[in-house]
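Asks: Using our numbering, the first residue of the sequence shown is number -9, and each one after it goes up by one.
For every residue, glycine included, the Cβ atom is placed at its ideal position computed from N, Cα and C.
Predicted model, so just to flag it, every value in this text is computed and none were measured.
Before I ask anything, here is the structure I am working with.
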Amino acid sequence: MALVNMKDMLEHAHRNGYAVGAFDLVSLDFLQGILDGAERCEAPVILSLAESHFEYFDFEIIMPAVEAAARRANVPVAIHLDHGASLESAVAGIRLGCNGVMVDASTQPFEENVSYTRRIVDMAHACGVPVEGELGYVAGVEGEDAERHPGEVIYTSVEEASEYVERTDVDFLAVSIGTVHGRMRGEPQLDIERLGRINQALGIPLVIHGGTGLSDAQFTSLIGNGVTKINYYTALSDAAARCIRANAEADSGCGYTGLVRGATAAIQDEVERCIRLWGGAGRAESILAEAAPWQEVEHVIVYNTEGADVQQVDELMTIGRDTLSRIPGVRRVFTGNALQEEAKYRHCWLVRFCHPSVVESYKVHPDHQAYADTHFRPVAGDRISIDFEDAG
């Protein structure tokens, strides 16, 4: 299993002076190309899914493939929800398998950004999931992704960054120091001096959104001043598009598979180039030795009911599935009845948590307590409850 704690991954990068690529994916071609590039480099990688891209794919459908690919990879992988739109988005992302989240409130006034981000942090940390915040605003200039980030660049200030991190308890901070989403027009002008002061003040992993178009020297300067995670998409999209256009020009009558032939390899090549430039190559083994694996927990209850008929037990389970599945950190709720008539316990619950931290946060969550006190405990006095950690 190569899915690891994202905070451990980025703290390793921060201590050792390199950056991990967070490559946005919009299809299985991107998923395969990103992981192939990381494995070729023996490097950690973050599979990033941006809510602003959800019109290109169904998040609920693609996430099982993303998680399966991450778990079978030979290198350390984390899965990140990028530019989430709401608290509900973050809860859904965690339920579907993301082990890092970023909900973007950077367009809001400072106090509103702090307040909203703090809510995300409280929820996610109770699930064991680290949070990326953003202060300042990284606008878009041109290209496929730019229109999703309109307006002017707002630079991150050192003073506000210090207060923001202290009050929100975010694990990583995305800063605005001159990059843009999409493609740069002309030579990028980065405020490295500002970045250095932010890094010195905070001492946590910093994030750059809008990595496409920067020079090798600029990337080196960013990483030397605390940047530990670099979001990257437009150049991957451009590499795939060039390949598709070349296929169309070579054979105007080719079908879909002919058009996309070689696109995954083009994405892989660009991912590999970035990873080597950013210093991640060859780091996989040391991270796998140090970072905690991302392990799920199965909360198991076997029970008998007293004073409840079959219809009431069915209703008990239906209400429970609906109520408990909405609690942050719960990935799946299964209710069952014993096949064997002679079984000591007639019914069961299997509630899958995304991380061991959820054991405690679930226990005290008001929705769980209300359901248990009102519906479950009054009729299920004869029960056994055990939490099992994934040993895979």
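1) Round the Cβ separation of Phe162 and Leu0 to the nearest angstrom and send it over; I've been treating them as touching at under 8 Å.
2) Please identify the residue among Thr254, Arg5, Glu124 whose C-alpha is closest to the C-alpha of Gln22.
3) Please name the residue, chosen from Glu41, Ser276, Cys264, Leu212, that lies closest to Leu185 on a Cα-to-Cα basis.
4) Evaluate Glu262 with the Cβ neighbour count: other Cβ atoms within 10 Å of its Cβ, from every protein chain shown; 16 or more gives buried, anything less gives exposed.
5) Which runs of the alpha helix (DSSP H) spanning at least 4 residues fall entirely within the stretch 173 to 261, listed in chain order?
6) For the candidate residues Ile167, His115, Asp228, whose alpha-carbon lies nearest to that of Val16?
7) Which whole-angstrom value is the C-beta distance of Ala80 and Gly319, which I expect to be below 8 Å?
8) Starting from Tyr361, follow the alpha helix (DSSP H) in both directions and report where the run begins and ends.
9) Using the Cα positions of Arg138 and Asp377, report the straight-line distance between them to the nearest angstrom.
10) So, for Tyr145: in the same chain, excluding its five sequence neighbours on each side, which residues have a beta-carbon less than 6 Å away from its beta-carbon?
11) Just to confirm the assignment, what range does the alpha helix (DSSP H) spanning Asp312 have?
12) Suppose the cutoff is 8 Å on Cβ atoms and the five residues either side in sequence are ignored; what does the same chain contact list for Gln179 look like?
13) Under the assumption that Cys338 contacts Ile291 (Cβ atoms under 8 Å), give the Cβ distance between them as a whole number of angstroms.
14) Does the separation of the CB atoms of Ile182 and Cys344 fall below 8 Å?
15) Could you round the C-beta distance between Asn64 and Glu29 to whole angstroms and report it? I think they count as a contact, below 8 Å.
16) Could you check if Gly74 is buried or exposed, using at least 16 other CB atoms within 10 Å of its CB as the buried criterion?
17) Between the C-alpha atoms of Val131 and Phe13, what's the straight-line distance to the nearest angstrom?
18) Whole-angstrom Cβ separation of Gly371 and Ile220, contact assumed at under 8 Å?
19) For my contact list, Ala33 and Ala274 are in at a C-beta cut-off of 8 Å; report their separation, rounded to the angstrom.
20) Just checking, does the stretch 45 to 59 make contact with the stretch 282 to 296 on the three C-beta pairs under 8 Å criterion?
21) Tell me whether Gly23 sits in a helix, a strand or coil according to DSSP, three-state version.
22) In chain order, what residues of the same chain lie with their CB nearer than 8 Å to the CB of Leu192, ignoring the 5 residues before and after it?
23) Tell whether a beta-carbon distance below 8 Å holds between Arg321 and Cys31.
24) What are the partner residues of Ala164, as DSSP defines its beta bridges?
25) For a minimum of 3 consecutive residues, which ranges assigned as the beta strand (DSSP E) are wholly contained in the stretch 16 to 89?
26) Between which two residues does the alpha helix (DSSP H) harbouring Arg5 extend?
27) Which one or two residues does DSSP pair with Met113 in a beta bridge?
Replies: Considering the structure as presented:
1) 6 Å
2) Thr254
3) Leu212
4) Its Cβ being crowded by 16 or more others within 10 Å, Glu262 is buried.
5) 182 to 192, 206 to 214, 224 to 240, 246 to 249
6) Checking every option, the nearest Cα to that of Val16 belongs to Asp228.
7) The pair is not a contact, with the Cβ atoms about 11 Å apart (cut-off 8 Å).
8) 356 to 361
9) Only weak support is given to the placement of Arg138: the predicted model assigns it a pLDDT of 48, under 50, and the value that follows is read from those uncertain coordinates. Each residue's alpha carbon lies about 43 Å from the other.
10) Gly126, Ser166
11) 300 to 314
12) Gly168
13) 6 Å
14) no
15) Yes, they are in contact, since the Cβ atoms of Asn64 and Glu29 sit about 5 Å apart, within 8 Å.
16) buried
17) Here the model assigns Val131 a pLDDT of 43, short of 50, so the residue's position is not dependable and the matter cannot be decided.
18) So it is not a contact: roughly 55 Å between Cβ atoms.
19) 6 Å
20) no
21) helix
22) If we look at Leu192 and ignore the five residues flanking it on each side, its Cβ neighbours are Ala151, Ser152, Val155, Leu163, Gly216.
23) no
24) Glu124, Val197
25) 35 to 40, 67 to 74
26) -4 to 6
27) BP columns for Met113 are empty, so no partner.
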